[in-house]
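A short write-up of the structure that comes next.
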Amino acid sequence: MNERKTSSGIPIKRIYSDIANADYLKSDSGEYPFTRGIYRDMYRKRFWTMRQYAGFGTAKKSNERYRYLLQKGQTGLSVAFDLPTQIGYDSDHPMAAGEVGKTGVAIDSLADMEILFDKIPLDKVSTSMTINSTAFILLALYIAVAKKQNVSLDKLKGTVQNDILKEYFARGTYIFPPKPSLRLVTDIFKYCKEHIPNWNTISISGYHIREAGATAAQEAAFTLADGICYVEHALKAGLDIDDFAPRLSFFFNAHNDLFEEIAKFRAARLVWAKIMRERFKAKDDRSCMLRFHTQTAGSTLTAQQPENNIARVTIQALAAVLGGTQSLHTNSMDEALALPSEKSATVALRTQQIIAHESGAGATVDPMGGSYYIEDLTLKLAEEIESYISEIDKLGGALKAVEKGYFQTEIQKSAYKYQKQVESKERIVVGVNEYVSDDQEYRDILKVDPHLERGQIEFVKSIKEKRDRSLVAKRLDELKKTADSDKNIMPVVIDCAESMVTVGEICGVLREIWGEYKENLIL
10 MNERKTSSGI PIKRIYSDIA NADYLKSDSG EYPFTRGIYR DMYRKRFWTM
60 RQYAGFGTAK KSNERYRYLL QKGQTGLSVA FDLPTQIGYD SDHPMAAGEV
110 GKTGVAIDSL ADMEILFDKI PLDKVSTSMT INSTAFILLA LYIAVAKKQN
160 VSLDKLKGTV QNDILKEYFA RGTYIFPPKP SLRLVTDIFK YCKEHIPNWN
210 TISISGYHIR EAGATAAQEA AFTLADGICY VEHALKAGLD IDDFAPRLSF
260 FFNAHNDLFE EIAKFRAARL VWAKIMRERF KAKDDRSCML RFHTQTAGST
310 LTAQQPENNI ARVTIQALAA VLGGTQSLHT NSMDEALALP SEKSATVALR
360 TQQIIAHESG AGATVDPMGG SYYIEDLTLK LAEEIESYIS EIDKLGGALK
410 AVEKGYFQTE IQKSAYKYQK QVESKERIVV GVNEYVSDDQ EYRDILKVDP
460 HLERGQIEFV KSIKEKRDRS LVAKRLDELK KTADSDKNIM PVVIDCAESM
510 VTVGEICGVL REIWGEYKEN LIL
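In terms of the working numbering, the sequence shown opens at residue 10 and continues consecutively.
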C-alpha cells in the first residue's frame, strides 16, 4: 500500500486510535497555551472578521470596490497596494512605468489616501494594510486621514503588516538594508503603544513564505522565527515584553490539506505561547496569544477550469475557521487570471458567509479537538516547528539565517519537490495534470484600464505643483535629520504626510541616507 504523507513529510497512519501527550487538552480555550483557541467562546460570541483583500487602479476605483464589499456584508477592510507604492516610488517615477495600479491601489500622497477612505468612517471599520517597506509611511497617511475625519487615534483599529524580514527571503519588496528596516519596525511599535493602543503593529507573515513553496511546518516555523527576531529587537530598543507583545499578530496561509492546516494553526499557537512564556518570560497571558489572519492559498489556484477554485477556497477557508483564525480573506476563483471581478469577489465573500451561517463550524470551540488524527498532527507539527526554530537559533537567529541563505534554500527545496510530484502525477491537481478539459477559455475577468495610470501620473504631478514647496523642503530636511539620529521617525513622517510630501520623496531621502539592500547570500 502506498505510504501517505502530509506536505510537511509527516507519515499518515491508516487509522488513529489514541491521543498521547496532548496535555493541552486539559486547558480550556482562552487559557494558556491557547492550543484550543485564544478566546473562551471563539465564534459562539462573534464570527471572525471577514476581511476581503482588495485594491486596484486609483484610490477612487478602490474606494468604490471597498464600499461595494461593505454593502455585501464584509466586516473589515484589507488594502492591497501597487508595486511602486510597496517599494517607495511615486507613480510618475520611471521605475513605476507599467506597474501603476496593477497589483493594488496606487498611493502617492495624502490626497490619494483621503479618496481611498472617502465616506468610510475610520472609527467604525477595522483596516488591514498589506505593506512592509513603506509601512511607516502608509500608517502615517492613515493617521493623517483619521485626523482630517476628526477621529481620535485611540479609536483606530486595524493592522499594518510591517513584516520586513520575510521580504528578504520570500517576497522581495524590500528597499533598505535590514538594520534601518528593523529600526522602522520598532519605531512603529513605540509610536502605536503611546498613540494608537488598539492598532496591531505588525502582522508577521507566513503567507508569502508558503506561497514561495514552503511546507506547512516550514511556514509556521519560519514565521515564528521572524517573530522571535522582532521581539528581540523591540527588547533591545528598550520596550518591555508585555508593553508590545499583546499587539503582535500573525498572517498565515491556508492550503488544501484540510487536516494538516487545522493542526498547523493549533500547533503554531502552542509553540508561540511556550516561546513567549519560557524564552521571553512574558507575564501577561495576552502576550502569549497567537492572534492571526488567514488568507486562502493563491498559489493553489489554477487558470485551468477556474470555477474549480471555488471548491479549493471553500476547503481552505474551512480549515482556517476550524483552526481558530481571527480574520479571513477568501481568494476569488479568477485570481490566477487577473484581479478579481466584482462577481467573483462576491462569491468569495459569500463562501465565508455560508461557512459562518450554514456549516455549523463555529457552533462549538475547537470542534476538531480530541480527534486522534488532529491531535497527533498537532503534536508532530509542533515538534517539526520547534526543530526548525532550534536550527535557526544555531545559525544566530532569523536575520543571520536570511544572510546565510538558509530560508531561501529550504523553501527552494520544498518548491522543487512539490513541482516534481505534480509533474510525475504523484500529486494530482484537478484540471491541470488530471481531468483536463479542452475548453479553457474564461471571459469574465477584470482588466485595469491603462488610462488609469496616465490619470494617476497627472494627479500626483498636480499635487506636487499645488502644494507649499518651501514647507515640503522643510519637512524633508527634518526627516533627514531624524533618520540620522536615534529619534522615533513616526512623528516627522506624519508631519510629512500632512504637508503633502509623497511616498517617493520620503523614500528618496532615506535611500540617500541608508542606501538600498542588495541580496548577497553567504552560502
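Note that the Cβ used here is the ideal one computed from N, Cα and C, for glycine as well. Computed from a prediction, not measured in an experiment: that's the story for all the values here.
query	result
Strand pairing of Met59, partner residues [DSSP]	Leu337
Which of helix, strand or coil DSSP assigns to Lys389	helix
In DSSP terms, what Gln304 is bridged to	Asn262 and His338
Contact under 8 Å by Cβ, Tyr62 with Ala89	yes
Beta-carbon gap between Gly464 and Thr67 smaller than 8 Å	yes
Short Cβ contact (8 Å threshold) for Arg60 with His264	no
Element boundaries [beta strand (DSSP E), containing Val169]	Lys166 to Val169
Backbone CA spacing between Phe145 and Trp281 [nearest angstrom]	26 Å
Nearest-angstrom beta carbon gap, Ile197 and Val169 [assumed within contact, 8 Å]	7 Å
Gln80 classed as buried or exposed, judged by whether at least 16 other C-beta atoms fall within 10 angstroms	exposed
Rounded straight-line distance, which links the Cα of Phe253 to that of Gly18	35 Å
For Arg13: DSSP bridge partner residues	Ile21
Euclidean distance between Cα positions of Ala354 and Ser341	5 Å
Rounded distance between the beta-carbons of Gln313 and Gly440, thought under 8 Å	4 Å
Backbone secondary structure at Gly97 - three-state DSSP	coil
DSSP-derived helix/strand/coil call for Met298	coil
Neighbourhood of Met138 by C-beta, 6 Å cutoff - its chain only, sequence neighbours within 5 removed	Val88, Leu147 and Val169
Alpha-carbon spacing of Ile218 relative to Thr232, whole angstroms	8 Å
Own chain partners of Asp293 with C-beta closer than 6 Å, once the 5 adjacent residues on each side are dropped	Asp251
Nearest-angstrom beta carbon gap, Glu108 and Leu131 [assumed within contact, 8 Å]	At roughly 28 Å, the Cβ-Cβ gap does not stay under 8 Å, so Leu131 and Glu108 are not in contact.
Opening and closing residue of the alpha helix (DSSP H) in which Val154 lies	Ala144 to Lys157
Selected residue, minimal CA-CA separation from Thr511, among Asp121, Val374 and Pro20	Asp121
Cβ pair Ser212, Ser258 closer than 8 Å	yes
Cβ contact check for the stretch 98-118 and the stretch 380-395: 3 or more pairs under 8 Å	no
Candidates Glu287, Ala291, Ile284 and Asp343, of which the one nearest Ala306 by Cα	Asp343
3 or more residues per run - each beta strand (DSSP E) lying fully within the stretch 225-286	257-263
Extent of the continuous alpha helix (DSSP H) run through Val322	Asn317 to Leu331
Glu228 vs Asn207 beta-carbon contact at 8 Å	no
Rounded straight-line distance, which links the Cα of Ile24 to that of Arg13	12 Å
Where His366 falls, given that 16 or more other Cβ within 10 Å makes a residue buried	exposed
Pick from Arg192, Asp27, Val356 and Ser336 that is closest to Arg300, judged by C-alpha positions	Ser336
Proximity winner among Tyr77, Ala234 and Leu193, relative to Glu351 (alpha-carbon distances)	Tyr77
Cβ-based neighbour list, Pro255, same chain, cut-off 8 Å, excluding 5 preceding and 5 following	Asp293, Arg295, Ser296 and Met298
Ser16 vs Thr224 beta-carbon contact at 8 Å	yes
Rounded C-alpha distance that separates Ile466 from Leu125	16 Å
Where Met51 falls, given that 16 or more other Cβ within 10 Å makes a residue buried	buried
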